[in-house]
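Q: Sequential numbering from 731 applies to the sequence shown in the working numbering.
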Amino acid sequence: MSVAYEIVLDSFSGPLDLLLHLIQKNEIDIHDIPMATVTEQYLAYLHAMEELSLDIASEFVVMAATLLAIKSRMLLPVPTVAEDDQPVADPREELVQQLLEYQRYKHSASQLKELSLLQSHVFSREAMDVSLFAPTQPPALNPVSIWDLVDSFRKLARRVPRENTVASIKHSGTSVEETMELFLQRLQILQTCSFSQLMQTMASRQELVSGFMALLELLKEGLAVCFQPVLFGEIQIIYNGGDSDANAHDGTH
Numbered sequence: 731m732s733v734a735y736e737i738v739l740d741s742f743s744g745p746l747d748l749l750l751h752l753i754q755k756n757e758i759d760i761h762d763i764p765m766a767t768v769t770e771q772y773l774a775y776l777h778a779m780e781e782l783s784l785d786i787a788s789e790f791v792v793m794a795a796t797l798l799a800i801k802s803r804m805l806l807p808v809p810t811v812a813e814d815d816q817p818v819a820d821p822r823e824e825l826v827q828q829l830l831e832y833q834r835y836k837h838s839a840s841q842l843k844e845l846s847l848l849q850s851h852v853f854s855r856e857a858m859d860v861s862l863f864a865p866t867q868p869p870a871l872n873p874v875s876i877w878d879l880v881d882s883f884r885k886l887a888r889r890v891p892r893e894n895t896v897a898s899i900k901h902s903g904t905s906v907e908e909t910m911e912l913f914l915q916r917l918q919i920l921q922t923c924s925f926s927q928l929m930q931t932m933a934s935r936q937e938l939v940s941g942f943m944a945l946l947e948l949l950k951e952g953l954a955v956c957f958q959p960v961l962f963g964e965i966q967i968i969y970n971g972g973d974s975d976a977n978a979h980d981g982t983h
């Protein structure tokens with residue numbers, strides 16, 4: 731029996747968000763999407779999510795069917811004009827409009843969040859200027875999305891031979907919890923490490939899946955945080971458990 735996890739790290743984790751991730755990562759012109767490449771990569775992400783036993787919502791499957799349909803239409807020979815002498819519509823046009831609208835919505839939500847943060851820093855009285863005594867602020871860190879984490883998993887999984895059977899986490903009730911304890915102990919010592927360093931003892935694909943789930947649980951429970959020093963670069967994991975003993979964590983959720 732395998733355990734399925736439904737993980738949502740932020741408000742934007744649907745199929746359009748995955749497509750935008752692929753477009754940005756590959757530096758693709760959103761108005762001229764290479765459907766063969768994007769469809770292939772989109773399906774690869776879905777396969778990775780299945781291997782990770784992450785629940786895939788029906789909207790992801792619908793988008794996969796849409797991408798395949800658009801790809802098929804673009805492979806067919808089409809006339810330059812339709813029967814009514816009007817230019818033939820680009821099969822990608824509706825998808826591009828959806829992505830542009832979603833991109834605007836996501837940008838607006840980000841701006842509103844920034845305004846809310848600025849408002850929280852407004853005081854009713856003028857504060858003393860302590861800039862000369864304040865430490866230098868660290869540079870802004872790039873946030874990590876679920877797709878960045880799946881990226882990192884796929885890179886590590888390529889180095890591990892695939893087993894004869896589909897990798898799944900057996901319902902032993904301990905494997906993920908034990909891996910969480912291992913990660914917590916490692917993070918307590920290192921404080922900060924890369925995704926690959928955290929996963930370095932995972933020797934099989936099944937162990938990688940268990941490690942990925944354990945990391946998601948640590949992030950979910952606030953015992954660790956992750957960021958990318960460089961956009962689309964390797965993910966760094968920071969221990970966020972304070973001085974609490976890792977053994978106090980019981981793995982319940």
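Here a beta-carbon is modelled for each residue, glycine too, at the ideal position from N, C-alpha and C.
#1: Helix, strand or coil: which one does DSSP assign to L784?
#2: Are three or more beta carbon pairs between the region 879-888 and the region 770-785 nearer than 8 Å?
#3: Since H821 and F790 should fall inside the 8 Å C-beta cutoff, what is the C-beta to C-beta distance between them, to a whole number of angstroms?
#4: Does the contact criterion of 3 or more C-beta pairs under 8 Å hold for the region 937-951 versus the region 905-917?
#5: Is DSSP giving A819 helix, strand or coil here?
#6: Rounded to whole angstroms, what's the CA-CA distance from I800 to S875? Just pull it up for me.
#7: Is I919 buried or exposed, if buried means 16 or more other CB atoms sit within 10 Å of its CB?
#8: From which residue to which residue does the alpha helix (DSSP H) around Q918 run?
#9: In angstroms with no decimal places, state the Cα-to-Cα distance between R834 and H751.
#10: Return yes when the C-beta of T769 is under 8 Å from any heavy atom of the ligand COA, and no when it is not.
#11: D759: buried (16+ other C-beta within 10 angstroms of its C-beta) or exposed?
#12: How close, in whole Å, do the beta carbons of S924 and Q958 come, if the pair is a contact with beta carbons under 8 Å?
#13: Looking at C-alpha atoms only, which residue of R889, R935 and L948 is the closest neighbour of M910?
#14: With a threshold of 8 Å on Cβ separation, who are the neighbours of V808 within its own chain once the five nearest residues in sequence on each side are excluded?
#15: If I follow the unbroken alpha helix (DSSP H) through V939, where does it start and stop?
#16: Thinking C-beta only, is L886 closer than 9 Å to S838?
#17: Got a sec, what are the start and stop residues for the beta strand (DSSP E) F883 sits in?
#18: Among L961, E780 and L917, which one has its Cα closest to the Cα of N756?
#19: Would you tell me roughly how many angstroms separate the C-alpha atoms of G963 and Q816, rounded to the nearest one?
#20: If we cut at 9 Å on Cβ distances, does L886 have a partner in chain B?
#21: Quick test of your reading: L938 and M929, contact by CB under 8 Å. State the CB separation rounded to the nearest angstrom.
#22: Smallest Cα separation from R884: which of E831, E781 and T796?
A: By the coordinates alone:
#1: Taking the sequence shown and counting its residues from 1, the one referred to as residue 784 is at position 54. Strand.
#2: yes
#3: Taking the first residue of the sequence shown as 1, we reach residue 821 at position 91. Taking the first residue of the sequence shown as 1, we reach residue 790 at position 60. Note on identity: in this sequence residue 821 is Pro, with His being the wrong assignment. Wrong, their Cβ atoms sit about 20 Å apart, outside the cutoff.
#4: yes
#5: Along the sequence shown, read from residue 1 onward, the residue named residue 819 stands at position 89. In this structure, A819 counts as coil in the three-state DSSP scheme.
#6: Reading the sequence shown from its first residue, position 70 is the one you call residue 800. Reading the sequence shown from its first residue, position 145 is the one you call residue 875. Using only the alpha carbons, I get a separation of about 27 Å.
#7: The residue given as residue 919 occupies position 189 in the sequence shown. Per the 10 Å Cβ criterion, exposed.
#8: As a first step, residue 918 is located in the sequence shown; it is residue number 188 there, counting from the start. Looking at the DSSP string, the run of the alpha helix (DSSP H) that includes Q918 is S905 to L920.
#9: Here residue 834 refers to the residue found at position 104 when the sequence shown is read from its first residue. Here residue 751 refers to the residue found at position 21 when the sequence shown is read from its first residue. Answer to the nearest angstrom: the Cα atoms are 15 Å apart.
#10: Annotation note on the ligand COA: not contained in the displayed structure, which lists no ligands.
#11: Translated into positions along the sequence shown, residue 759 becomes position 29. Exposed, by the Cβ-count rule.
#12: Working through the sequence shown from its first residue, we reach residue 924 at position 194. Working through the sequence shown from its first residue, we reach residue 958 at position 228. Actually they do not touch by this definition, with Cβ atoms about 10 Å apart.
#13: Counting from one through the sequence shown, the residue named residue 910 turns up at place 180. Checked all of R889, R935 and L948; the closest Cα to M910 is L948.
#14: Looking up residue 808 in the sequence shown gives position 78. The answer, listed in chain order, is V818.
#15: Here residue 939 refers to the residue found at position 209 of the sequence shown. First-last of the alpha helix (DSSP H) with V939: R935 to K950.
#16: Working through the sequence shown from its first residue, we reach residue 838 at position 108. Working through the sequence shown from its first residue, we reach residue 886 at position 156. Not closer than 9 Å, so no.
#17: Taking the sequence shown and counting its residues from 1, one reaches residue 883 at position 153. Run containing F883: none in the beta strand (DSSP E); it sits in the alpha helix (DSSP H), I876 to A887.
#18: As a position in the sequence shown, residue 756 is number 26, starting the count at 1. The residue with the shortest Cα to Cα distance from N756 is L961.
#19: As a working note, residue 963 is residue 233 in the sequence shown. As a working note, residue 816 is residue 86 in the sequence shown. Each residue's Cα considered, the two are about 46 Å apart.
#20: The question asks about chain B, but that chain is absent: this structure has only one protein chain.
#21: Within the sequence shown, residue 938 is the residue found at index 208, counting from 1. Within the sequence shown, residue 929 is the residue found at index 199, counting from 1. Contact holds; Cβ gap of about 6 Å.
#22: Your numbering for residue 884 matches position 154 in the sequence shown. Comparing Cα-Cα distances from R884 to each of E831, E781 and T796, the minimum goes to E781.
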